[in-house]
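Novice:
Numbering (the working numbering), first residue to last: 51 to 260.
Shown next, in the form of structure tokens:
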């Protein structure tokens, strides 16, 4: 077996779960390094990889990539034969980037402000990238309602990121469990790669608590 080209830095209680799933969809060998929050993530060695002192991060052939959406997009491009991104000349390529960064930008910002109990005066909504939470959620609902996957009939890395966000936000009550969201999450959680990643996270969590 050839040596792994990917080293993945993770913690079982973190957003790194998104990348566990992405790596399982990719189907390439990878090495996982689990880091705790106050110890290993704050060492000079790891801060040289991610100065933010957070996970997820990956090292791929010497290249460091952080931020979940960026990691998903990077890995999909590094392994085009896996069909986890529309072709560059595909009509779906624009939607692919659109929804990846919609979830990483406007959606996360809107949900975070709601979770922190930060009210937005009606006359100030234009100052925010997402405008209003209601509009953001309505747009997301429309995006997952019209086709099987976020870019059409092809499952992509955008589904990994968007699907993870929707599932997580609904699980913790930050996002209204609308029927379209529940149906979309049902589709993603039936994928064998998702189920493998969930098992990996469960095992890592159990080991960290021993």
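All C-beta atoms in this analysis are idealised placements derived from N, C-alpha and C, irrespective of residue type, glycine included.
Check whether the region 65 to 82 touches the region 104 to 116, counting contact only when three or more Cβ pairs, one atom from each stretch, lie closer than 8 Å.
Specialist: yes
Novice: Quick one: is residue 249 near chain B, going by C-beta distance under 9 Å?
Specialist: Included in the structure is just one protein chain, with no chain B present.
Novice: On the CB-based measure, 16 or more other CB atoms within 10 Å of its CB, does residue 101 come out buried or exposed?
Specialist: Residue mapping note: residue 101 aligns to position 51 of the chain shown, counting from 1. That one is exposed.
Novice: Going by Cα to Cα distance, which pick from 195, 134, 167 is closest to residue 224?
Specialist: Indexing the chain shown from 1 puts residue 224 at position 174. Nearest of 195, 134, 167 to residue 224, Cα basis: 167.
Novice: How about residue 147 and residue 215: are their beta carbons less than 9 Å apart?
Specialist: Position 97 of the chain shown holds residue 147. Position 165 of the chain shown holds residue 215. Cβ atoms of residue 147 and residue 215: not closer than 9 Å.
Novice: Evaluate residue 87 with the Cβ neighbour count: other Cβ atoms within 10 Å of its Cβ, from every protein chain shown; 16 or more gives buried, anything less gives exposed.
Specialist: In the chain shown, counting from the first residue as 1, residue 87 sits at position 37. The residue is exposed, with fewer than 16 neighbouring Cβ atoms inside 10 Å.
Novice: For residue 69 versus residue 122, is the C-beta distance shorter than 9 Å?
Specialist: As a first step, residue 69 must be located in the chain shown, where it is residue number 19. As a first step, residue 122 must be located in the chain shown, where it is residue number 72. Yes, these two residues count as a Cβ contact at 9 Å.
Novice: Could you give the distance in angstroms between the alpha-carbon of residue 57 and the alpha-carbon of residue 173?
Specialist: Here residue 57 is taken as the residue at index 7 of the chain shown, counted from 1. Here residue 173 is taken as the residue at index 123 of the chain shown, counted from 1. So the two alpha carbons sit approximately 47 Å from each other.
Novice: Is DSSP giving residue 128 helix, strand or coil here?
Specialist: Counting from 1 along the chain shown, the entry for residue 128 is found at position 78. Helix.
Novice: Pull up the CB-CB distance for residue 61 and residue 76, whole angstroms please, since I reckon it's below 8 Å.
Specialist: By 1-based counting over the chain shown, the position of residue 61 is 11. By 1-based counting over the chain shown, the position of residue 76 is 26. The pair is not a contact, with the Cβ atoms about 20 Å apart (cut-off 8 Å).
Novice: Please name the residue, chosen from 242, 248, 219, that lies closest to residue 231 on a Cα-to-Cα basis.
Specialist: Within the chain shown, the letter at position 181 stands for residue 231. When each option's Cα is compared against that of residue 231, the closest is 219.
Novice: Taking the alpha carbon of residue 150 as the point to measure from, which residue in 199, 112, 237, 227 has its own alpha carbon closest?
Specialist: Counting from 1 along the chain shown, the entry for residue 150 is found at position 100. Sorting 199, 112, 237, 227 by C-alpha distance to the C-alpha of residue 150 places 199 at the top.
Novice: Among 169, 55, 241, 181, which one has its Cα closest to the Cα of residue 157?
Specialist: For the purposes of this step, residue 157 is taken as residue 107 along the chain shown, with counting starting at 1. Nearest of 169, 55, 241, 181 to residue 157, Cα basis: 181.
Novice: Starting from the Cα of residue 159, find the closest Cα among 257, 137, 117, 179 and give me that residue.
Specialist: The count along the chain shown starts at 1 and reaches residue 159 at position 109. It is 179.
Novice: Determine the burial state of residue 97: buried for a count of at least 16 other Cβ atoms within 10 Å of its Cβ, exposed for fewer.
Specialist: Taking the first residue of the chain shown as position 1, residue 97 is located at position 47. Residue 97 comes out exposed.
Novice: Mind pulling the beta strand (DSSP E) runs of 3 or more residues that sit fully within the region 225 to 254?
Specialist: none
Novice: So, for residue 143: in the same chain, excluding its five sequence neighbours on each side, which residues have a beta-carbon less than 6 Å away from its beta-carbon?
Specialist: The sequence position of residue 143 within the chain shown is 93, counting from 1. Setting aside the 5 residues that flank it on each side, residue 143 is surrounded in the same chain by 136, each with a C-beta closer than 6 Å to its C-beta; the list follows chain order.
Novice: Leaving out the 5 sequence neighbours to the left and right, which residues in its chain are closer than 7 Å to residue 203 when beta-carbon positions are compared?
Specialist: Along the chain shown, read from residue 1 onward, the residue named residue 203 stands at position 153. Closer than 7 Å at Cβ, skipping near neighbours: 197.
Novice: Let me know if residue 226 comes out buried or exposed under the rule of 16 or more other beta-carbons within 10 Å of its beta-carbon.
Specialist: The residue labelled residue 226 in the question sits at position 176 within the chain shown. Residue 226 comes out exposed.
Novice: In the DSSP assignment, find the alpha helix (DSSP H) that holds residue 216 and state where it starts and stops.
Specialist: As a first step, residue 216 is located in the chain shown; it is residue number 166 there, counting from the start. Residue 216 -> alpha helix (DSSP H) spans 207 to 221.
Novice: For residue 222, does the count of other Cβ atoms within 10 angstroms reach 16, so buried, or fall short, so exposed?
Specialist: The sequence position of residue 222 within the chain shown is 172, counting from 1. Under this definition residue 222 is an exposed residue.
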